[in-house]
Structure formats: structure tokens, C-alpha cells
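Residue numbers (the numbering used here): 34 to 235. Each residue gets a CB set at the ideal place from its N, CA and C atoms; glycine is no exception. Contents: one structure, followed by commentary.
Quick look at the structure:
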């Protein structure tokens, strides 16, 4: 009986030494455990941001808030898509999500996007949205820097996510400060024009 046949039906016996795709990036200089920690932190931030954006969007009220609601919804659904796009890669690399969602939230790489107390001022909500997107850019930028030229698959997913986070930042900078953003309306909510190719939900 071969070593491989002994491991059939027992995933706990599979190590990175058995996964060529992991060996290749380790040989290229990637610390897989460090990368996995960054990825879990990144998807944790996307997942919790999706939750908090749900609350923020609900509080975009009145004439001013109604104009913001649709844009916040685009960012909200696309952040959820970022979670969906990167999670499979975590498992491909031998990682996993925490079993306890509370632990998962604690590992998130960005602060919670809490509803501000003075939420009736739409600018205060926009400040929270902007800060969340800027943190995400830094988070995925770190992943891109680590994986560039060494792990093309993770890099491709991360840079596509980062492109959308950069667009989100530009939207909220425009809304908050009047800075031109060349904001083009999404064809549909949650389009994810860059990272959508890594979604397998249809």
C-alpha cells in the first residue's frame, strides 16, 4: 500500500508536503502560515464590513441619505463578494476559517465599521465607510506585496479585490469631499467587475 493510498479518506494526514501548489509557492519564498494569517484577517474584515455596512445602509435616510444608499449597497455586496472570492484560496493553501464566528470577527484585519452615534449627519456615515475602504486597501496591498511574482493565484485574487476597494474609496472621497472619482454606475448591484471572475455562486 502506498503512502498516498493510506491517506485516502483521512484529510488530517495531508500536509503541505503533499500539495504541489503549496510547495511551489514555498519554494518561491512564501511563508504560507504568515500568508494564511493575512488572508483570514482580510476576509474577516470583508465579512464584518458586510455586516456593518448593512446597518449603515439602513441608516442612510432622508433626502441626503437616499442618494447615498445605492452606492453604499454596491460597496456592501462587493465586500461580501471579496469574502467569497478569497475563502476558497485559504482552503487550497491548507488553511481554514475559525469554527467560532466570534473568533473570526476578532481576527478581522480592520476595525469594526460601527454606526456613528450622530448617524443623522450623513457625512458621519460616509466617514465610517471611507475609513473601512482605506483599511481594506492597506490590508490587500500587504497581500499583494507578499505574493507578487511568487504566488500568482493569490496575487490575482487580491489585486482584483484591491481594485474594487480603490474604486470604493474614490466614491466615498467624492461624496464626502467633492473630489472627482470618475464614478461609473455598476450595471447591477454587486457586479464586482474585477473580482467577479473568482466567484462561483452561479
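- The alpha-carbon separation between residue 106 and residue 98 amounts to approximately 12 angstroms.
- Taking a contact as a CB-CB distance under 8 angstroms, the pair residue 128 and residue 78 does not count as one, their CB atoms being some 16 angstroms apart.
- Under the DSSP assignment, residue 206 falls in the alpha helix (DSSP H) whose first and last residues are 185–210.
- Where residue 107 is concerned, the enclosing alpha helix (DSSP H) starts and stops at 95–125.
- DSSP, reduced to helix, strand and coil, places residue 182 outside both helices and strands of the structure shown, so it counts as coil.
- Per DSSP, residue 60 is one residue of the alpha helix (DSSP H) stretching across 53–60.
- Contact between residue 126 and residue 76 is ruled out by a C-beta separation of about 12 angstroms, above the 8 angstroms threshold.
- Cβ-Cβ separation between residue 72 and residue 134: approximately 17 angstroms, too far for a contact (criterion under 8 angstroms).
- Residue range 65–91 is occupied by the alpha helix (DSSP H) that includes residue 70.
- Each residue's CA atom was taken as its position, placing residue 116 and residue 95 some 31 angstroms apart.
- Taking all protein chains shown into account, residue 195 has 16 or more neighbouring C-beta atoms within 10 Å of its C-beta and is therefore buried.
- Going by DSSP, residue 139 is part of the alpha helix (DSSP H) stretching over 134–139.
- Collapsing the DSSP output to three states places residue 172 in a helix.
- If you draw a straight line from the Cα of residue 205 to the Cα of residue 151, it comes to about 18 angstroms.
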